[in-house]
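Quick note, the sequences are listed as chains A and B, same order.
Heads up, the numbering used here is the position in the first sequence plus 1, with the first residue counted as 1.
Heads up, the numbering used here is the position in the second sequence plus 39, with the first residue counted as 1.
By construction, the Cβ of each residue, glycine as well, lies at the ideal position given by its N, Cα and C atoms.
Below you'll find the structure, written out as structure tokens, and then a few comments.
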Amino acid sequence: METLKNAFDFSDFPRIDLTVAGIFVFLFLIFPLFPHSAFAMATMIQFFMFSLYGMGWNTIGGYGGQVDLGKAQYVGIGAFTTAVMLIRWNIPFWVSMPIGVCFAVIWSFMLGYPLFRLKGHYFAIATIAASLVLKDLFEVWDFVGAARGLEISPVKYNPPDFLHLIFKEDIYYYYVILVFFFIGILYVNWFRKSRLGFQLRSIKDNEEVAQSLGINVHWAKIKTYAIATAFVSVVGSFHACYIKNIEPEDTMSLDISILIALMAMLGGAGSLWGPIIGAGILIPMKSYLKEWLGAQAGLVGIDLIIYGAIIMLVSAAEPRGIWGIVEKVRRRKAK
Amino acid sequence: MALLEVHNLTKNFGGLTANDNISFQVEKGDLIGIIGPNGAGKTTLFNCVAGLHPISSGQIIFDGKDITELKSHEVARLGMARTFQVYAASGDLSVLENVMVGCFMRTSSTLAAKVKAKEILKEFKLENLSDYLLREIPVAAQKRVTMATAVGTQPKILLLDEVAAGLNSSEIEEIMGTIRSIHNKLAITVMLIEHVMELVMNVSDRVIVIDSGKKIAEGNPEDISNNPDVIKAYLGERYVQEHSAELR
Numbered sequence: 002m003e004t005l006k007n008a009f010d011f012s013d014f015p016r017i018d019l020t021v022a023g024i025f026v027f028l029f030l031i032f033p034l035f036p037h038s039a040f041a042m043a044t045m046i047q048f049f050m051f052s053l054y055g056m057g058w059n060t061i062g063g064y065g066g067q068v069d070l071g072k073a074q075y076v077g078i079g080a081f082t083t084a085v086m087l088i089r090w091n092i093p094f095w096v097s098m099p100i101g102v103c104f105a106v107i108w109s110f111m112l113g114y115p116l117f118r119l120k121g122h123y124f125a126i127a128t129i130a131a132s133l134v135l136k137d138l139f140e141v142w143d144f145v146g147a148a149r150g151l152e153i154s155p156v157k158y159n160p161p162d163f164l165h166l167i168f169k170e171d172i173y174y175y176y177v178i179l180v181f182f183f184i185g186i187l188y189v190n191w192f193r194k195s196r197l198g199f200q201l202r203s204i205k206d207n208e209e210v211a212q213s214l215g216i217n218v219h220w221a222k223i224k225t226y227a228i229a230t231a232f233v234s235v236v237g238s239f240h241a242c243y244i245k246n247i248e249p250e251d252t253m254s255l256d257i258s259i260l261i262a263l264m265a266m267l268g269g270a271g272s273l274w275g276p277i278i279g280a281g282i283l284i285p286m287k288s289y290l291k292e293w294l295g296a297q298a299g300l301v302g303i304d305l306i307i308y309g310a311i312i313m314l315v316s317a318a319e320p321r322g323i324w325g326i327v328e329k330v331r332r333r334k335a336k
Numbered sequence: 040m041a042l043l044e045v046h047n048l049t050k051n052f053g054g055l056t057a058n059d060n061i062s063f064q065v066e067k068g069d070l071i072g073i074i075g076p077n078g079a080g081k082t083t084l085f086n087c088v089a090g091l092h093p094i095s096s097g098q099i100i101f102d103g104k105d106i107t108e109l110k111s112h113e114v115a116r117l118g119m120a121r122t123f124q125v126y127a128a129s130g131d132l133s134v135l136e137n138v139m140v141g142c143f144m145r146t147s148s149t150l151a152a153k154v155k156a157k158e159i160l161k162e163f164k165l166e167n168l169s170d171y172l173l174r175e176i177p178v179a180a181q182k183r184v185t186m187a188t189a190v191g192t193q194p195k196i197l198l199l200d201e202v203a204a205g206l207n208s209s210e211i212e213e214i215m216g217t218i219r220s221i222h223n224k225l226a227i228t229v230m231l232i233e234h235v236m237e238l239v240m241n242v243s244d245r246v247i248v249i250d251s252g253k254k255i256a257e258g259n260p261e262d263i264s265n266n267p268d269v270i271k272a273y274l275g276e277r278y279v280q281e282h283s284a285e286l287r
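Quick look at the structure:
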């Protein structure tokens, strides 16, 4: 009961935050009713997906301060579990998605146990390596389609198929991911006020002090890593049904891992709104820059340069990202 | 039965013996001061007792249980809380949230933790600082917040590591009051490491003196301040010889 109450309780935010959030919720709900391009729709769906990735990353990376650069492997686990089950055995999304989460969480425990013996940069590097190794394994594993990947053929289904999550129009995907997005926000809102959330913030502050307060630091990190993983895996499963054509190279690449972490850091790691703000800036920028500039020869990759520059600017000004700047200004005003 | 028994505790860091065969007992309700010159091994002793460092040899019994092999967080859960000497307050937890983290050891309910934390902050007269970040408040208040956080775990014994270091005399007065109220009102057994003699000699029932990793004396504050071994440790052999007449 208290859990549920905490999830829906946003009262510790200033009214202005809630007003802005309310306006956005309203806009998100009615967006598909307005005339829009297919491109804008796709960008919105990407935005929600990456917000969710970022929210997941934020639990361990933001609140816990453990910079994880290997989240793409869990996108892959979720996506391939759903795709394989759908293609081979026609298993519905709502069954394969939780199974994918189970696989991903089991894998996260197996990795997390040794990896959390490492600290700081060493941990970050190890997560990159682990993710790349899993990608390489998937690329030679015939059962999951190897490097060619898998293609979900919509022909067999009768869209809109809510059970298998196969739709012709993007608007269905939009509302499905929007629901996940709201659930994600409610979960993180609960998480940040939960015992684990507090313990993690204490760990980020000082591990020895955290231990002296009865916190099993290693276990708390592993648990939270599993939570972050579950978020990512759910969206990975959605990704499989939405994109319908998945390859290890796309779903599990280092780019995805880094983008997930960058978004949360740009928006503000360790805050509820941070990953959403980060995704809201980076995803449209990524899509549109690719669209405008990508086609011109010689400008390929300029989008990477631009967000590299933004990240450098933000971290030089305020390492806690855009939300960090907002909070700094507020604290100064309050005095 | 003593609350805490330390038997022949030895801690080596490579070739350096930081604690050499130290034994002592703490009874329930004691308020014990540990003094000694810089580098004597006082903080190491705390770290060993609280499970932060594995010890090289010896045995530690707390509340009837052998905690020699236990980790820091397990020892904490059995009821041993501590503060740290150097605590760079860098985090984004507010004063209230810091104390809540301590309270979360005994409850998983956010509401219960908050209520308890507010109660403790009131007891420590820190409630008007609740919403500040730790780094925004004066050092003396920071020290009291770390004490409040430790008290939040509802310990049987509290180890305080130099809570008065770097404070002025009115702040020391305030800290002394806090220590006394932890000891008397909350009935928590206290062990404290301190360099500020005024504080140790004032509040402790018993003082243990450590020098170069060895326990050199133990007794009530008055005897300790006249003990030639202790004076030698602090002021050197020559001082003791030159002033032997006065010391008698």
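Buried or exposed (CB count within 10 angstroms, at least 16 for buried), B/GLY118: buried
Under 8 Å Cβ-Cβ, which residues of chain A neighbour B/MET144? LEU214, GLY215, ILE216
Below 8 Å on C-beta distance, what does A/GLY271 contact in chain B? ASP131
When the cut-off is 9 Å and only beta carbons count, does A/SER203 lie next to chain B? yes
Does the separation of the CB atoms of B/GLU175 and B/GLN98 fall below 9 Å? No; because the gap between Cβ atoms is not below 9 Å, this pair is not in contact.
Taking the C-alpha atoms as reference points, what is the distance between B/ALA187 and B/LEU225? 12 Å
9 Å Cβ cutoff met for B/VAL202 and B/THR228: No; because the gap between Cβ atoms is not below 9 Å, this pair is not in contact.
Which residues in chain A sit within 7 Å of B/VAL140, going by Cβ to Cβ distance? PHE199, GLN200, SER203, LEU214
Among the residues of its own chain, which have a CB less than 8 Å from the CB of B/THR146, if the five just before and after it don't count? ALA152, LYS155
Entirely enclosed alpha helix (DSSP H) segments - the region 107 to 180 of chain B, minimum 4 residues: Counting only runs of 4 or more, we get 111 to 117, 134 to 142, 149 to 162.
Just to confirm before moving on: does the CB-CB distance between B/ALA256 and B/VAL269 stay below 9 Å? It is a contact, given that the beta carbons lie within the stated cut-off.
Write down the C-beta distance between A/VAL177 and A/LEU164 rounded to the nearest angstrom, noting that I regard them as a contact closer than 8 Å. In fact, because the Cβ distance is near 12 Å, the residues do not count as touching under 8 Å.
Closer than 7 Å at the beta carbon, the chain B residues around A/SER12: Near A/SER12 there are no residues of chain B at all, since even the closest Cβ is about 13 Å away, more than 7 Å.
Thinking C-alpha only, which one of B/ASN137, B/GLU158, B/THR83, B/SER243 is nearest B/TYR171? B/ASN137
Within 8 Å, do at least three Cβ pairs link the region 55 to 69 of chain B to the region 183 to 192 of chain A? no
Check whether B/ASP59 and B/GLY80 have beta carbons under 9 Å apart: yes
Listing by chain order, which chain A residues have their CB less than 7 Å from the CB of B/ARG121? Those are SER213, listed as they occur along chain A.
Can you give the Cα-Cα distance for B/LEU91 and B/ASP200, rounded to whole angstroms? Their Cα atoms are separated by approximately 14 Å.
With H, G and I counted as helix, E and B as strand and the rest as coil, what does DSSP make of B/ALA89? coil
So, is the C-beta of A/ASP206 closer than 9 Å to a C-beta in chain B? yes
Touch test, the region 11 to 31 of chain A against the region 239 to 253 of chain A, Cβ-Cβ under 8 Å, three pairs minimum: no
Going by beta carbon distance, what residues of the same chain come within less than 7 Å of A/GLU152, once the five residues before and after it are set aside? LYS245, ASN246
Quick check on the DSSP output: what are the complete alpha helix (DSSP H) runs of length 4 or more inside the region 191 to 231 of chain B, in order along the chain? 208 to 223
First and last residue of the alpha helix (DSSP H) that includes A/LEU87? Following the DSSP letters along the chain, one finds A/LEU87 inside the alpha helix (DSSP H) bounded by residues 73 to 90.
Using CA coordinates, which residue listed in B/LEU160, B/VAL235, B/PRO76, B/ILE247 is at the minimum distance from B/SER208? B/VAL235
Taking C-beta to C-beta, are A/GLY63 and A/ALA270 nearer than 9 Å? When the beta-carbon positions are compared, A/GLY63 and A/ALA270 come within less than 9 Å of each other.
Could you please give the first and the last residue of the uninterrupted alpha helix (DSSP H) stretch that includes B/ILE270? 267 to 274
List, in order along the chain, the chain A residues whose C-beta lies closer than 7 Å to that of B/HIS92? Residues of chain A passing the Cβ test: none, with the nearest at roughly 11 Å.
So, is the C-beta of B/ASN167 closer than 9 Å to a C-beta in chain A? no
Out of A/ILE126, A/LEU135, A/ILE92, A/PRO33, which has the shortest C-alpha to C-alpha gap to A/ILE78? A/LEU135
Note the first and the last residue of the continuous alpha helix (DSSP H) segment covering A/THR4. 3 to 9
Strictly below 8 Å CB to CB, what residues from chain A border B/SER251? The contacting residues do not exist; B/SER251 stays about 25 Å from chain A at best.
Contact with chain A by B/LYS110, beta-carbon distance below 9 Å: yes
Determine, using beta carbons only, whether B/ARG219 comes closer than 9 Å to chain A. no
Same chain, Cβ closer than 7 Å to A/TRP191, neighbours up to 5 away in sequence not counted: THR4, ASN7, ALA8.
Pick from A/PHE110, A/ILE107, A/VAL236, A/THR83 that is closest to A/HIS97, judged by C-alpha positions: Residue identity check: residue 97 of chain A is Ser in the sequence provided, not His. Checking every option, the nearest Cα to that of A/SER97 belongs to A/THR83.
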